[in-house]
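Have a look at the structure below, then the notes.
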Amino acid sequence: MPEARLSRVSSQRFLPAFKAIAVALCATAFLLPGAQAAKKEKPAAKTAVAAKKAKWPVPVEVKRSAASSKTAVVAKRGGRAEKAERAEKVVRGGRNVVATINKKNGKTVVAVQRRSVVRVVEAPRQSFGQMAGLHGTEDALDLKSSVALVIDQDTHEVLLSKNDHAVLPIASLTKLMTGLLISEAHLPNDELITITQDDVDTEKRSSSRLTVGTTLSRGELLHLALMSSENRAAHALGRTYPGGLATFVSIMNAKAKMLGMKDTRYVEPTGLSSRNQSSAQDLALLVNAAYADATVRSLSTSPEYQVEVGNRVLQFNTTNRLVKSPDWEIGVQKTGYISEAGQCLVMQARVAGRKLIMVFLDSAGKFSRIADAERVRRWVEATHAVGSPAASSRNAAYQVAG
């Protein structure tokens, strides 16, 4: 009995010591991971502080992969890989470039990604003729011009017509009237005219090699306006007309009325404005009048021309390649284009022994007005040559209501 009591007392005497040991073991197990993590972070912090104090650039090794558009940048400090906590950062390098920076196991990886750019192409503007549905009109020659008229200049016989009364923008065909009035005014051709800011196109913002300050003679500007459809040249001619630009435009409209061009209206001398409008019937009258002027005939059918501008010599060429073609004998011509008018062409030409006036308006493609003229030439040669007995009888088959 005494021995049992003694044993129980002895074990109770060591119980507090056991509890203390157990608490110490638990505390050690809980705090040890944190201490180890802090120990690992300490060298990295020291390295960062040392680099900051030295203010030296960190060497960077760039690795590029041919199969990928990403670039990996591995940073090595002091020749030893630095272990750091994982981090991610997104950097924008412009509108279409995004770089993602990742830090893991002492390495900095930069992934550069280019975003694909989707460009929205604006649909081409419809011409006035397209909006009016004129291209739906069919004709036997399958012309690409929505308006066409072919007339014998001597007999006034209509060989072909298509929407010839439609009133549409006429673009640079306007310059035919501009050139005719300048020629008829008999102003000094050697008078020098300087291109000013007023001659710069602010409506269509078209380009020109005649920079502001360029000085040329009136005759040179007239040549460039009729042959090469130079907008600043045509505007300068109208601006320097006696009485100024407003007077010149009023004379343009008065001349149109005198010629019987009842559906024609001009607001400026270049044709850049879509408010310059006319019909094929009216333009045939203008071509006939322009053909009667020797200066307009000569300059409009000139294939090329050079002018001296300061220390440079500028080469200009005709806008109508048919002028250089051996298959054509052209007496007067003018081309035109703005988006509202489409591709336009008027000519006086001798075909199959006949003097013809041709008008093509609102042609759909860049070269289609030339192709339409070629179709008409071949057709006239085959069916309407001088002395052809079938010419008159076939005339009615090629009339299309406008």
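Heads up, the sequence shown is in the working numbering, so the first residue is 1 and it goes up one at a time. Where a beta carbon is used, it is the ideal one built from N, C-alpha and C, also for glycine. Computed from a prediction, not measured in an experiment: that's the story for all the values here.
Ranges of the beta strand (DSSP E) found wholly within the stretch 291-363, counting only runs of at least 3 | The qualifying runs are 304-309, 312-317, 330-338, 342-351 and 354-363.
With 16 other Cβ atoms within 10 Å as the buried cut-off, status of GLU340 | Counting of Cβ neighbours within 10 angstroms places GLU340 among the buried residues, the total reaching 16 or more.
What are the boundary residues of the alpha helix (DSSP H) that VAL158 is part of?
-> In the DSSP annotation of this structure, VAL158 is not part of any alpha helix (DSSP H); the continuous beta strand (DSSP E) holding it starts and ends at 158-162.
Quick one: give me the first and last residue of the beta strand (DSSP E) that THR194 is part of.
-> Here the beta strand (DSSP E) through THR194 covers 192-194.
Buried or exposed (CB count within 10 angstroms, at least 16 for buried), MET252 | Counting Cβ neighbours within 10 Å, MET252 comes out buried, since at least 16 surround it.
What is the DSSP secondary structure of ILE170, counted as helix, strand or coil?
-> Coil.
Whole-angstrom distance between GLY331 and HIS220, CA atom to CA atom | Before going further, note that residue 220 is Glu rather than His in the sequence given. For GLU220 and GLY331, the distance between alpha carbons rounds to 20 Å.
Might you give, ordered along the chain, the residues of its own chain that have their beta carbon closer than 7 Å to the beta carbon of TYR408, omitting 5 neighbours on each side?
-> The structure shown does not extend to residue 408, since the chain is modelled only from 1 through 402, so no value can be given for it.
To the nearest angstrom, report how far apart THR211 and ALA385 are at their CA atoms.
-> Linking THR211 to ALA385 through their CA atoms gives a straight-line distance of about 48 Å.
Tell whether a beta-carbon distance below 8 Å holds between PHE360 and ARG350.
-> No, the pair does not count as a contact, with Cβ atoms beyond the cut-off.
Going by beta carbon distance, what residues of the same chain come within less than 7 Å of LEU286, once the five residues before and after it are set aside?
-> Taken in chain order, the residues that qualify are LEU176, MET177, LEU259 and MET261.
Helix, strand or coil: how does DSSP classify VAL49 here?
-> With a pLDDT of only 47 at VAL49, under 50, the local geometry of the prediction cannot be trusted, and no value is derived from it.
Between the stretch 241-257 and the stretch 202-209, are three or more C-beta pairs nearer than 8 Å?
-> With the cut-off at 8 Å, the stretch 241-257 and the stretch 202-209 do not touch.
Runs of beta strand (DSSP E) lying entirely within the stretch 221-287, each at least 3 residues, in chain order | The qualifying runs do not exist here; there are none.
Would you list the residues sitting across from LEU180 in a DSSP beta bridge?
-> In the DSSP output, where bridge partners are listed per residue, LEU180 has none listed.
Three-way DSSP call (helix, strand, coil) for THR383 in this model = Shown here, THR383 sits in a helix according to DSSP, grouped into three states.
Buried or exposed: where does PHE367 fall if 16 or more other Cβ atoms within 10 Å of its Cβ makes it buried?
-> The residue is exposed, with fewer than 16 neighbouring Cβ atoms inside 10 Å.
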